[in-house]
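Chains as they are written, first to last, in this note's numbering: chain A, 3 to 314; chain Z, 3 to 314; chain P, 3 to 314; chain C, 3 to 314.
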């Protein structure tokens, strides 16, 4: 390789150094802050060029190369950047967070120490209704008066849990056992270290509109406040390809092709052939998948040619 | 390679087939049951012999080979076995369990479904005192009368949490939010799939006397009831080398050598040189490490030559 | 959960049992054969239903559920299936293969045993020309006469390497050192065990038209011959969403929307605004990204509105 | 937690900054150099204290805490440090190196670029004899005269491979195919990024006396030159507990206990009971395991009580 093997200076990101250690507030008592990092956009390019060796002279622009890597899922150069965060999160959200197995974690131990004396509180305007269309989602908020009653009950449960936890400790119950009835809303803290590729995967899933609001607020903070400062070119490409992109199945490609060519009948025939529009006693029945296809067509400015949507 | 590439029959373990799906009860309302498995002792040997190729003719006995692999940490053949368990565990223990990142997991979703209506209950005789020597452990139990009061309080907290959770659901609060104040003692369920090497690592940490009693009871069941049936030769070797073995540092080797040679003064001098026995105003001070060394010497039938232990 | 915890029979896949151990030939002297497996389509559905708990009554069809899981990247249920293959591969292809870090591997050891006496031979019609448009690809084949000369040289190099390797062994050189000059075309063998999710990821990258022909022939065999028998519903969904699907960036969504609406000028303006079509002294210059966008539009039956493609 | 959430300065390790980018030469044409790093001993302590929370006031010394973490295999704090190396390694050694799946890797691509024009050369005094006691090892060296002949043959094979590789490229063979007969001794380069815990595991296996000399020379350089500068307290503890420590099985504990108590007959009886000393027609037969036990006893200054060793 032609690279000179000379003394290096460590890669610095001034925009990130400025906020090192400074907490970004999330929820009522949570936060995210950067403790340390390794690399930046430039390190991704450098790593890609180790792979490409002498061959890279033609690829002139970092931005273009980063877009290329992201588009073709050459993920290994993004793994060359690493970040370490200190987070404070309700255990309920942490249960989702920890499912990402590719991170390094040191969590605050409630065996070793007394639990953090803080549980996530929901304000009267913060109570969400069960979604009827999406079994695992929320849809809209309760009126504030009802919310106030829910918040009052929440305070009651927090008070009792706190009281009994403290009583147990006073009586000498082992911390590892005393904690067993803490509510899931109790805050925990952790050091969480992850490479950029896996962090982006985390963000893609957890910034998604279908992710739960609580963890989404953490993911949004990490993406918009931290990654955007750390690796701005990667952040831009990630938004374009992942956060705001679209995946089409081969069925969808065929349907879309028919629609774009103005062949409405063919599109409808395809939809039926693919089993997405079912005959039933009450007329045509739309599958869940067909409703998702409609949404994709609409995102592309194309009106679905099979008439008004009907309930699944 | 000389192996004939002929049609194979699938490896079966009759002792495991017999208990497939049958729950082993753990704690008051938890369980572990085997859903499926791949391979057995024989598959480990077979995989090792792929590595060794023609060279293995001499190694006659499976048991000897498995002991050799375990002793020399040739871990990859043990990864060739896989097991899938269905477990029911309090969320508090699950928080520890899930830290093992090498498993595949499908957990019951309380976003999608109503939470399991069961929380782990502690009987009056089951309350443990905080250990004073080990900050993260328990030591002994409360008298039953005190335990009865603690159990009464526990019932109170479980009742309130359950009542408010149900009330929230009745009022239409989204399940993903309604669950936020469930106690950590609430049971969850999961499919948990892991290879044998990583399972043994899990068992080594979680069957350890320092592991929390709750998760230890799951680990013990998995080891003694399941792995012992599945891969008996591996289980035997694992117990010998890991569960009942001992690790000596180089410092400990030197101290033990002096002790075994009857050189008490040299042993004491080494201990001081290594900074394990400190002079203080109140006389000699034992470090935590020295007390652990004493325990190792005693396990080998050797009396520590530096006199009676004193408190750290 | 409502599931009865009764005795289970092990999941069997008759279509796979039939070919267990039977080698599928790949390249001139390689193969892939299934040694063991765990689970099938039904296990994926079962795992998803552990997650969904009681809530799944509505989701009636396995096929629909598997498509849903794949579409929404609920990958964990696919990890509940596992397969163990025995493969024979040239080391050159194995170098690419082993980059997939999520598998368990036992490779034939040329430290322990004499290397496999077989190197991949290229027939006269099998020599490929360097692609000029894709720096890391091939394009077309050499005429057979030239190929014959290349094959003759290949035989010469194989003969010398083999001769010197054997001479070293005869002279008593350590196997671990004698092997140092074996050609990369030398065959190796391995047991390779991986879960279905990660196997599909491997297949997506290695069945791709941009993957090297040698590893592509292995990936194609694994997909078309093995996964198709093992988990037919998953294989169908995977082909639809991944192998034959399409990813659109947000830029591409905007361009496609303009094209589909017949707004050619807007489409061209967007392309310029996004920096994909550059002014240069010799006229407009197409970026590599724009050429890839053209290919996507063509796949959707849409003619790019910015005129004939020009060379990058 | 009591920690103030204030602005942080990035952790720096001056001893490592001094050698950043500077190559340490390994073998005839290889090297290892540090490109970047995250954290140091202090970060390990800091991460452990996140886990321990307020409870850590008593643990005063970093050294003591790091020894404690290593002794009790609390590995997660060591994962909070990360290092990125640029290495140049013969492909033969790289094949072993890459088996460590926990690292991030960007390797020089011989699909994209022309292969590095350098193969590892063995000097006349560097040729090793096959070990007879260890099937996968070397034992001693060839006399220089024989070595000179082996080196001459090596030069011949390198020259032919190089010549044919270049000829293929000149004729226009695709790089991805032209490389197929490069010798395993050909150098490759890579960026290799790994956390400290997994790096230590790599070093434990690859600095071991049983590891192959070539990769051992890389591991030794990484340990002695790099980790020792980066995290000196961890390096010291690692050497004491891992590189120079000893693991005893329960069988060995029992045998050692008998030996230490002067109970020779009991020790011999145990050895027979455990199946380590076998009766055969030619008298007692020592198993491989027993010979390893002898070595452990000798390391502790204890003479094996069962008489002189006999060949396995």
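Beta carbons: idealized from backbone N, C-alpha and C, even for Gly.
A quick note: this is a predicted structure, and the numbers were derived from the prediction, not measured.
Item                                                                                                                                   : Value
is_contact[residue 294 (chain C), chain P] using C-beta, thresh 7 Å                                                                    : no
Nearest candidate by alpha-carbon position, reference residue 81 (chain P), set P:169, P:45 and P:147                                  : P:45
Opposing strand residues paired with residue 109 (chain C) [DSSP bridges]                                                              : C:192
Residue 220 (chain C) beta carbon less than 7 Å from that of residue 52 (chain A)                                                      : no
Residues near residue 48 (chain C) in its chain [Cβ-Cβ closer than 6 Å; skip 5 each side]                                              : none
Any 3 or more C-beta pairs closer than 8 Å across the segment 155-167 of chain A and the segment 152-163 of chain Z                    : yes
Candidates A:309, A:285 and A:286, of which the one nearest residue 296 (chain A) by Cα                                                : A:309
DSSP three-state assignment for residue 32 (chain P), whether helix, strand or coil                                                    : strand
Residues of its chain near residue 247 (chain P), where Cβ-Cβ distance is below 8 Å and the 5 sequence neighbours each way are ignored : none
Residue environment, residue 236 (chain A), which counts as buried when at least 16 other CB atoms sit within 10 Å                     : buried
Rounded straight-line distance, which links the Cα of residue 12 (chain Z) to that of residue 19 (chain P)                             : 7 Å
Beta-carbon proximity check, residue 88 (chain A) vs residue 37 (chain A), cutoff 7 Å                                                  : yes
Chain A contacts made by the segment 225-252 of chain P, where a contact means CB separation under 9 Å                                 : 239, 241, 242, 243, 244, 245, 246, 247, 248, 249, 250, 251 and 252
The segment 100-115 of chain A in contact with the segment 195-204 of chain A per 3-pair CB rule at 8 Å                                : yes
Residue-chain proximity (residue 100 (chain Z), chain A), Cβ-Cβ < 7 Å                                                                  : yes
Where residue 209 (chain C) falls: helix, strand or coil (DSSP)                                                                        : coil
Test item: CB-CB of residue 225 (chain Z) and residue 205 (chain Z) under 7 Å                                                          : yes
Simplified DSSP assignment, three categories, for residue 80 (chain P)                                                                 : helix
Euclidean distance between Cα positions of residue 114 (chain A) and residue 189 (chain A)                                             : 16 Å
Span of the alpha helix (DSSP H) around residue 219 (chain A)                                                                          : 215-223
Beta-bridge pairing of residue 285 (chain C) - partner residues as DSSP gives them                                                     : C:282
Proximal residues of chain A, C-beta to C-beta of residue 304 (chain P) below 9 Å                                                      : 259, 262 and 263
Members of the segment 7-36 of chain Z that neighbour chain A once the beta carbon cut-off is set at 9 Å                               : none
Residue burial classification, residue 60 (chain P) (beta-carbon count within 10 angstroms, cutoff 16)                                 : Confidence at residue 60 (chain P) is low in this model, with a pLDDT of 45, below 50, so its placement is unreliable and no value can be given for it.
Cα-Cα separation between residue 143 (chain Z) and residue 178 (chain A), rounded to whole angstroms                                   : 13 Å
Minimum C-alpha distance to residue 214 (chain A) - residue among A:94, A:63 and A:69                                                  : A:94
Distance, residue 230 (chain A) Cα to residue 10 (chain C) Cα                                                                          : 19 Å
Unbroken alpha helix (DSSP H) run spanning residue 157 (chain A), endpoints                                                            : 146-173
Delimiting residues of the alpha helix (DSSP H) encompassing residue 271 (chain A)                                                     : 266-275
Top-ranked residue by Cα proximity to residue 137 (chain P), from C:270, C:176, C:184 and C:117                                        : C:176
Between the CA atoms of residue 250 (chain A) and residue 379 (chain P) - distance to the nearest angstrom                             : Look at the range of chain P in this structure, 3 to 314, and you will see that residue 379 (chain P) is not part of it.
Terminal residues of the alpha helix (DSSP H) in which residue 235 (chain P) lies                                                      : 234-240
Alpha-carbon spacing of residue 57 (chain Z) relative to residue 186 (chain P), whole angstroms                                        : Confidence at residue 57 (chain Z) is low in this model, with a pLDDT of 43, below 50, so the placement of that residue is unreliable and no value is reported for it.
Burial state of residue 84 (chain A) (16 or more Cβ within 10 Å)                                                                       : buried
Cβ neighbours of residue 301 (chain C) in the same chain (closer than 8 Å, five flanking residues each side left out)                  : 248
Candidates A:74, A:86, A:281 and A:68, of which the one nearest residue 196 (chain A) by Cα                                            : A:86
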